[in-house]
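Report on one structure; see the data block that follows.
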Amino acid sequence: MDRFKSIFAVGFGGAAGAILRYCVILTAGHSFFPFGTLLINIVGSFLLGMVNGYFASKKKSLVFLALGSGFCGGFTTMSTFSQEVVNLMQTSLPLAGLYLGATLLFGLVAGFLGLGLFTRQRGDSFD
-3 MDRFKSIFAV
7 GFGGAAGAIL
17 RYCVILTAGH
27 SFFPFGTLLI
37 NIVGSFLLGM
47 VNGYFASKKK
57 SLVFLALGSG
67 FCGGFTTMST
77 FSQEVVNLMQ
87 TSLPLAGLYL
97 GATLLFGLVA
107 GFLGLGLFTR
117 QRGDSFD
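Right, here's the structure in full:
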């Protein structure tokens, strides 16, 4: 695969993901709890699971790069999540723990569910 095309595919997908993330954050608004980022990271985990499940038995392509590393990478946000945990720790340790735990738990569950959509169709199992 041509390196320039790969870079462009990731950049294009990343830009689309970042724009959608910004729109979700604007829609979610500001509150005492970062619901927007939580939703983004859970949905992004599900989508990345789906992308990886779908392309697991296929030749990796520019579409895989655009959707996986690009879109899902641009849509989800580790840096914002980390900063929000730090901010919550300064005001409420229980909320910080809830946010941290919910993001990890629901993100992992969503990722497995997304992956499972396509692994089950191929007849694979998680065993």
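Using the working numbering, read the sequence shown as starting at -3 and increasing by one per residue. Backbone N, C-alpha and C define an ideal beta-carbon position, used for all residues, glycine too. Every value quoted in this text rests on a predicted model; they were computed, and no experiment measured them.
Contact belief for residue 45 with residue 93 at Cβ below 8 Å, rounded distance in angstroms
Incorrect: roughly 25 Å between the Cβ atoms, too far for contact.
Please state whether DSSP places residue 40 in a helix, a strand or coil.
helix
Residue 76 and residue 40 - do their beta-carbons sit closer together than 7 Å?
For the 7 Å CB-CB criterion, residue 40 and residue 76 do not form a contact.
Assuming residue 67 and residue 10 are in contact, meaning their beta carbons sit under 8 Å apart, how far apart are those beta carbons, in whole angstroms?
7 Å
When the Cα of residue 28 is compared with those of 87, 55, 109, which residue comes out closest?
The closest CA to that of residue 28, considering only 87, 55, 109, is found on 87.
Cα separation between residue 98 and residue 31?
11 Å
Would you please state the rounded distance, in angstroms, between the beta carbons of residue 64 and residue 13? I believe it to be under 8 Å.
About 10 Å separates the beta carbon of residue 64 from that of residue 13, a gap too long to meet the 8 Å contact definition.
Of all the options -1, 21, 85, 74, which has the alpha carbon lying nearest to the alpha carbon of residue 103?
74
Use the C-beta contact count for residue 23: other C-beta atoms within 10 angstroms, 16 or more gives buried, fewer gives exposed.
So residue 23 counts as exposed.
Between the C-alpha atoms of residue 54 and residue 15, what's the straight-line distance to the nearest angstrom?
28 Å
Exposed or buried, residue 42, counting other C-beta atoms within 10 Å across all chains shown (16 or more means buried)?
buried
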